[in-house]
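What follows is a single structure, written as structure tokens, with notes after it.
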Ligand SMILES: [Zn+2]
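Residue numbers (the UniProt record's numbering): 1 to 236.
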């Protein structure tokens, strides 16, 4: 018997009947020619972060990788199975993407959790958050401290991305750029990490969508990257 209260089912039908016809040719081409996304988007799972709205991307452009906190696990796989690490490898080696976005956001529950208690039953979550602990500040988590933590966490993940040999190699060959973003939900504005300034700059005033380490050539890439490692985020 049909369940008329099943709203999700209604939405699926509406997509097929109303929305899909508008995209049909586009999707058919993406099937015939395969996907060639330009941008893996490593974003927090938070429901308020909507990558396609932010970037105006069409189907086939973003390779979405989402997890709690927009975190990047270590390349060595030491902590177990990692869908995120596998996605990074696939995107860079197979899809040959041109840039990688890491996007954190304001009011991030994962970053708040660094300052509080997480249920011991959430074993995986507790271990996962270790990937951001270095971003936490030894202070009371004021809104300002949380924002800095969110931004520091983004930079930490960029650092960890550079430990992936295929990422480092392609960044240094200037075939790939890294973009650290912090999305402020209530302002509808992304703040872009500018490695030269060691700061996040609102997109309205930024000169680029991310310096990624590293447009300026192989030698400089390494140097700029060391700069982040040494100065940003400030340790301790
Ligand atoms: Zn979040």
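Beta carbons: idealized from backbone N, C-alpha and C, even for Gly. All figures in this text were calculated on a predicted structure; none of them were measured in a lab.
Closer than 7 Å: residue i CB and nearest ligand 1 heavy atom
i           : result
residue 69  : yes
residue 180 : no
residue 136 : no
residue 87  : no
residue 145 : no
residue 18  : no
residue 29  : no
Identity of the residues DSSP links to residue i by a beta bridge
i           : result
residue 100 : 178
residue 72  : Answer by DSSP bridge pairing: none, since residue 72 is not bridged.
residue 67  : 44
residue 39  : 62
residue 191 : 182 and 202
Within 8 Å, strictly: CB atoms of residue i and residue j
i           : j           : result
residue 179 : residue 209 : yes
residue 30  : residue 51  : no
residue 176 : residue 100 : yes
residue 47  : residue 66  : no
residue 194 : residue 201 : yes
residue 35  : residue 56  : no
residue 129 : residue 118 : yes
residue 81  : residue 164 : no
residue 170 : residue 162 : no
Closer than 8 Å to chain B by CB, residue i
i           : result
residue 133 : Absent here is chain B; the protein component of the structure consists of one chain.
Check: Is there contact between the segment 149-157 and the segment 124-136, where contact requires at least three CB pairs shorter than 8 Å?
Finding: yes
Next item on the list: Take every Cβ of the segment 86-104, pair it with every Cβ of the segment 30-41, and state whether three or more of those distances are shorter than 8 Å.
Entry: yes
Next item on the list: Evaluate contact between the segment 62-77 and the segment 103-120, counting only Cβ atoms and requiring at least three cross-stretch pairs below 8 Å.
Entry: yes
Notebook entry, point to check: Does the pairing of the segment 121-128 with the segment 139-150 give three or more beta-carbon distances under 8 Å?
Noted result: no
Next item on the list: Pick out the complete beta strand (DSSP E) segments inside the segment 82-146, 3 residues or longer, and give them in chain order.
Entry: 99-105
Check: Can you list the alpha helix (DSSP H) stretches of 4 or more residues lying completely in the segment 6-31, in chain order?
Finding: 7-14
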